[in-house]
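Below: the structure, in structure tokens.
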Amino acid sequence: MNLDALQHVLKRMDWWMVLSIIALLLVGTAFIFSASYRSDGTAMADFYQKQIVWAVIGLGLFLVFAFIDYRRLRDAAWWLYALGIILLVLVLLFGKKVYGAYRWLNLFGVQIQPSEFGKLATLVLLARFLGRPGRDVREPKCVVQTLLLMGVPFVLILKEPDLGSASMLLPLAFIMMYAAGVPLKYLGILVLIGVLLMPVGWFGLGDYQKERILVFFDPGRDPLGSGWNKIQSEIAVGSGGFSGKGYLKGTQNVLGFLPRTVAPTDFIYSVIAEEVGFVGSVMLLALYAMLLSTGIRAALAARDKLGRLLAAGVTGLVFCHVFVNIAMTIGLLPITGLPLPLISYGGSFMVSTMMGLGIVQSVYVRRYQQ
Amino acid sequence: MAIRHILDEEHLRIRLMLVLMLLAFGVLIAALWRMQVSHGKAYQRDLTRQSVRRVRLPGMRGRIFDRNKVCVADNRPSYCVAIYLEELRQPGRWVRTINKVDELIDEMSKVLGVPRQVTTEDIRTHIRKRLPLPLLAWRDVDERSMARLSELASGTPGVDVYIEAVREYPEASSACHVLGYVGRADPPDDEAEPYHYYLPEMAGRSGIEKAFDGVLRGEPGGRLVRVDVSGFRHDDLASREPKNGRDVVLTLDMNIQKAVERAMGDVRGAAVVIDPSNGDVLAMVSLPGFDPNLFVPAIPADVWKTLIENNEKPLLNRAVAGAYAPGSTFKAVVAMAALENHKATPQTTFNCPGYFMLGNARFQCWYHPGHGTLTMQQALEHSCNVYFFRLGLQSGYDAIYHTAAALGLGQKTDIALDYEASGLLPDDAWKRRVYRDGWRDGDTCNLSIGQGALTVTPLQLALVTATLANGGHLYKPRIVQGIRDNDKDSFRPIPPQIVNEMNWSPTSVRTVREGMRDVVMSPRGTGRLAAIPGVEFAGKTGTAEYGVKGSGKKYGWMIAFAPYDNPRYAVVLLVEEAVTGGTTAAPKMKQVMSAIFHPTDAAGGQG
Chain A
619 MNLDALQHVL KRMDWWMVLS IIALLLVGTA FIFSASYRSD GTAMADFYQK
669 QIVWAVIGLG LFLVFAFIDY RRLRDAAWWL YALGIILLVL VLLFGKKVYG
719 AYRWLNLFGV QIQPSEFGKL ATLVLLARFL GRPGRDVREP KCVVQTLLLM
769 GVPFVLILKE PDLGSASMLL PLAFIMMYAA GVPLKYLGIL VLIGVLLMPV
819 GWFGLGDYQK ERILVFFDPG RDPLGSGWNK IQSEIAVGSG GFSGKGYLKG
869 TQNVLGFLPR TVAPTDFIYS VIAEEVGFVG SVMLLALYAM LLSTGIRAAL
919 AARDKLGRLL AAGVTGLVFC HVFVNIAMTI GLLPITGLPL PLISYGGSFM
969 VSTMMGLGIV QSVYVRRYQQ
Chain R
870 MAIRHILDEE HLRIRLMLVL MLLAFGVLIA ALWRMQVSHG KAYQRDLTRQ
920 SVRRVRLPGM RGRIFDRNKV CVADNRPSYC VAIYLEELRQ PGRWVRTINK
970 VDELIDEMSK VLGVPRQVTT EDIRTHIRKR LPLPLLAWRD VDERSMARLS
1020 ELASGTPGVD VYIEAVREYP EASSACHVLG YVGRADPPDD EAEPYHYYLP
1070 EMAGRSGIEK AFDGVLRGEP GGRLVRVDVS GFRHDDLASR EPKNGRDVVL
1120 TLDMNIQKAV ERAMGDVRGA AVVIDPSNGD VLAMVSLPGF DPNLFVPAIP
1170 ADVWKTLIEN NEKPLLNRAV AGAYAPGSTF KAVVAMAALE NHKATPQTTF
1220 NCPGYFMLGN ARFQCWYHPG HGTLTMQQAL EHSCNVYFFR LGLQSGYDAI
1270 YHTAAALGLG QKTDIALDYE ASGLLPDDAW KRRVYRDGWR DGDTCNLSIG
1320 QGALTVTPLQ LALVTATLAN GGHLYKPRIV QGIRDNDKDS FRPIPPQIVN
1370 EMNWSPTSVR TVREGMRDVV MSPRGTGRLA AIPGVEFAGK TGTAEYGVKG
1420 SGKKYGWMIA FAPYDNPRYA VVLLVEEAVT GGTTAAPKMK QVMSAIFHPT
1470 DAAGGQG
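And the structure:
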């Protein structure tokens, strides 16, 4: 709580991570501007300004969480989890309906997405649960309990419905069990069960969710409807070519082929890929690779298992978002509606990502501490 | 040792995690390479060649038929000039694109010799709100301009011909108030899916078109068309077929409808013909009318203004939305009320000296010398006011009120047409509310001759007439026989519906009907001018003063049902500015009856 302590934290921070975060934030703001600057007169026109505000808030939270000792999360984990569940229940009861789903909650005038907070809270609790000294991760009971802890927010988010966010909890739990040392045999069985359950899950999906998955396998199925974004997103990416059309010169989103409502959010990567081409797309992936590497470095340097699991969990979660988002933009995965970390427009996700990365820093900063 | 080992394994696992993540990125990079570098040219070609045009295929609106399968609301093709803004896009600010489109429209206007239909402001609005949709620069272009345009369009990128189906009413203003009219439905401004086709552009705005809009409207389909740089169609990406709307079959008989319209001529008024055996509306006329074709494809602002500012209110369907004092036509109801409540018998007589004194108030009979002593049947024939003042007072207000209410007066019939008026059947509570005074005998006297506060719609009165004709079955008016689905080749009928059984005694019915027959058939009956050779029928005339007392403004009514023995037609005619019902409405009734029963004579004779 004093200047010395702050100095200490800053000195020991991983500046490569900070560098990659700031670079990604700048890229995000620049391309949100590109995706929306021609929408004069609509609410989207000032998205990039709002994004700057969110980025600054995010950086502040990042520093705050880096400063707080991550070991305090051990005691707070259950409370955070409970708060996350309460918010997820509240959003189902009082949430604001946007495009048919209850995802937004109005808290003191600010619209938040509880699912983002819920993911982070689940991550922290799983780290505490799996990282607890004396926990025998080789017991099948431990796997079952982990799945139960993950299952509650999973079902609540699925109910909103927000298939994209909910589905992120599955690889998250998997990654954390993997990092915690759960025998590969069990993990293999889990994957097998998952594959076997897929047909059952199919019947649990809403019509529009099924439609999106069907469209993935057959884009010509409904080119005017759900297939539209997919086709146009692929044309945007593909037409970017090797070196791109140049900043602000993309036509797919400007001409409205790529819907302006999704261009700054879930489809921001296709805007980027169109304007900066293959070279720029790879450079962006390199930035993410740098960010993820620093996360892994923090996990390896962690002085205890809690820290290791927190760092590995956050890194894994960021990775999953990046991978799934880009893969759906270029047509490798069905469209589920998932933002690109640090780049897509949106406050809640920005805040939760930055808090997560702050925790990773907190782990790294205290690497040799007693 | 074991702990060391476990830690090593966990570190190994985390290192492996990094490797796997980087491998996954490698997959993404490979996919990006394939899309952006190997196939990049193909996508670029796609992009430059593809201006993807979304051609909307509106579902064909269902048609409307009369009971004899005569089409009264049809569809015809209309040629529009569509401008595809994607192809006129200019880099930089929108103003440049707007100017470009503006110039193009000016130029085309000169070449085609047709004035502009859209303003610069329209273009701006269109770009802001409906950019992905083509801008229709001209609608419903005539064929000569169309020919010139086809030459022009083939060489001008961004311009194309667009064919849409528009409404056509082959019978013009005939039955216009029943059919109603359509308006252009704006494409829904739906930010969630602005890139879909938009929904049907014709929406019913009044009449059957509005009431059955959901039935008539089809489901639109859409088509994605890829065109090349020079504007030629390259290929169709996909399409979704539209679904046609269903047809509505009316109960109207256009022969009778037109006969009634001819008979009414150019007066202001209304007329309704109902089949007493099932409540079918065979004709419904309101005058003056309008031509619903004016609303196609869109009504010009000045025409709309004249229509709604016209004092004669041509858009108003007087037959259901107009409420008028029924005058002496109501005497038939009073007679029925007296008989059915055992307040009088067919033999009850009253003397008419030409006036009636109620306390100090003098109520005049229309025939000042006086009718002398009359039976009920004779009183109906002569429409004697004094007889009915006294009959009404003897029966009491309650009896009249309940009979009239049972016949549906003062209540909407719930016919599927807009702005239906309920009319007013005044009662004590009403008078206390409006005049802060109780019901008095003077009010009963006024009510007995269909004056005072009592008002009815021509439709209500037609139903009363039909009920007198069929001996006491009150039907709900049926305007639509059923819905035909051409895709499934099915017909869903809408059955007739009885609202109320009056359970009148045959003696009462016979008395009133005979009185009404004498109105037409007797040489002294007030409706004798309506009589036609060869057909025995019954009726009742009515004249009701309105406006300022003594202004001389009178409604002229005639109700009738024919043939007398087995009635198939119940007719109500109303003329808003009449001398009397017997002199103004009765001759028109004669024309209607002639047209129905002697169709060949009427065509030449009455014009």
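Chains A and R supply the protein sequences, listed in that same order.
The first sequence runs 619 to 988 under our numbering.
The second sequence runs 870 to 1476 under our numbering.
Where is the CB? At the ideal position from N, CA and C, for every residue including glycine.
Could you work out which residue in the options is closest to residue i when comparing CA atoms only?
i                  : options                                    : result
Leu1294 of chain R : R:Thr1282, R:Ile1465, R:Asp1287, R:His1271 : R:His1271
His1211 of chain R : R:Val888, R:Val1129, R:Gln1263             : R:Gln1263
Leu1398 of chain R : R:Gly1450, R:Met1371, R:Leu1004, R:Lys1423 : R:Gly1450
Gly812 of chain A  : A:Gly976, A:Ile831, A:Leu765               : A:Leu765
Arg1013 of chain R : R:His995, R:Pro1039, R:Gly1027, R:Leu981   : R:Leu981
Asp850 of chain R  : A:Phe941, A:Gly934, A:Gly955, A:Leu918     : Nothing in the structure corresponds to residue 850 of chain R, since chain R is present only between 870 and 1476.
Leu887 of chain R  : A:Gly646, A:Cys938, A:Ser899, A:Tyr699     : A:Cys938
Leu698 of chain A  : A:Leu725, A:Gly964, A:Arg746               : A:Arg746
Lys1345 of chain R : R:Pro1157, R:Val1030, R:Arg1361, R:Val1150 : R:Val1150
Glu1383 of chain R : R:Val987, R:Arg1008, R:Met1245             : R:Met1245
Leu924 of chain A  : A:Ile849, A:Lys759, A:Ala695               : A:Ala695
Ser1377 of chain R : R:Arg1115, R:Arg1259, R:Leu1208, R:Glu1110 : R:Leu1208
Tyr1424 of chain R : R:Ala1192, R:Gly1148, R:Arg1231            : R:Ala1192
Glu778 of chain A  : A:Ile886, A:Val627, A:Leu823, A:Phe860     : A:Leu823
Gly934 of chain A  : A:Tyr906, A:Gln625, A:Asp825               : A:Tyr906
Thr1503 of chain R : R:Asn1124, R:Pro1375, R:Ala1335            : In the structure as shown, chain R starts at 870 and stops at 1476, and residue 1503 of chain R therefore has no counterpart that could be examined.
Thr1217 of chain R : R:Leu1323, R:Met929, R:Ala1248, R:Gln1320  : R:Ala1248
Ala1167 of chain R : R:Leu1156, R:Ala1034, R:Gly1148            : R:Ala1034
Gly1292 of chain R : R:Gly1311, R:Thr1282, R:Val1325, R:Leu1286 : R:Val1325
Leu1442 of chain R : R:Ala1400, R:Asn1372, R:Leu1330            : R:Leu1330
Glu1445 of chain R : R:Val941, R:Gly1134, R:Val1404             : R:Gly1134
Leu643 of chain A  : A:Gly965, A:Val855, A:Ile853               : A:Gly965
Asn724 of chain A  : A:Gly736, A:Ala739, A:Leu705               : A:Leu705
Lys848 of chain A  : A:Gly949, A:Val809, A:Tyr666, A:Val936     : A:Gly949
Among all the DSSP beta bridges, which residues are the ones paired with residue i?
i                  : result
Ala1072 of chain R : R:Gly1052
Val1035 of chain R : R:Arg945
Pro1238 of chain R : DSSP lists no partner for Pro1238 of chain R.
Asn1372 of chain R : Asn1372 of chain R is not bridged to any residue.
Can you tell me whether residue i is buried or exposed? The criterion is at least 16 other CB atoms within 10 Å of its CB, across all chains shown.
i                  : result
Gly974 of chain A  : buried
Met989 of chain A  : As shown, chain A starts at 619 and ends at 988. That puts residue 989 of chain A outside it, with no answer to give.
Asp1059 of chain R : At Asp1059 of chain R the pLDDT is 44, less than 50, meaning the model places this residue with poor confidence and gives no usable figure here.
Ile890 of chain A  : buried
Leu775 of chain A  : In the sequence on display, residue 775 of chain A carries Ile and not Leu. Per the 10 Å Cβ criterion, buried.
Gly678 of chain A  : exposed
Trp634 of chain A  : exposed
Ile883 of chain R  : buried
His995 of chain R  : buried
Phe821 of chain A  : exposed
Met786 of chain A  : buried
Tyr953 of chain R  : buried
Asp693 of chain A  : exposed
Leu1332 of chain R : buried
Thr988 of chain R  : exposed
Asp687 of chain A  : exposed
With a threshold of 7 Å, establish whether the CB of residue i neighbours any heavy atom of the ligand ADP.
i                 : result
His908 of chain R : Absence of the ligand ADP is noted for the structure shown, with no ligands found whatsoever.
Short-range partners of chain R found in the segment 899-918 of chain A, where Cβ spacing is below 7 Å | Ser899, Val900, Leu903, Ala907, Leu910, Ser911, Ile914, Ala917, Leu918
Interface positions of the segment 870-895 of chain R facing chain A (Cβ-Cβ less than 8 Å), listed along the chain = Ile875, Glu878, Glu879, His880, Arg882, Ile883, Arg884, Met886, Leu887, Met890, Leu891, Ala893, Phe894
Residues in the segment 941-955 of chain A with C-beta within 9 Å of chain R's C-beta atoms, listed in sequence order?
-> Phe941, Ile944, Ala945, Ile948, Gly949, Leu950
Would you call the segment 1405-1424 of chain R and the segment 1189-1199 of chain R in contact, with 3 or more CB pairs under 8 Å?
-> yes
Check whether the segment 1080-1089 of chain R touches the segment 899-913 of chain R, taking contact to mean three or more Cβ pairs, one atom from each stretch, closer than 8 Å.
-> no
Which of the residues in the segment 923-936 of chain A, read from start to end, lie with their CB under 8 Å from any CB of chain R?
-> Lys923, Arg926, Ala930, Thr933, Gly934
Interfacial residues, the segment 797-811 of chain A to chain R, with Cβ spacing under 7 Å | Ala797, Gly799
When the Cβ atoms of the segment 898-913 of chain A are set against those of the segment 718-733 of chain A, are three or more pairs found closer than 8 Å?
-> no
Sufficient close CB pairs (3 or more, under 8 Å) joining the segment 1110-1119 of chain R to the segment 1298-1318 of chain R | no
Of all the residues that make up the segment 1326-1343 of chain R, which are near chain A by a beta-carbon distance shorter than 9 Å?
-> none
Okay, do the segment 957-975 of chain A and the segment 723-742 of chain A touch, 3+ Cβ pairs below 8 Å being the bar?
-> yes
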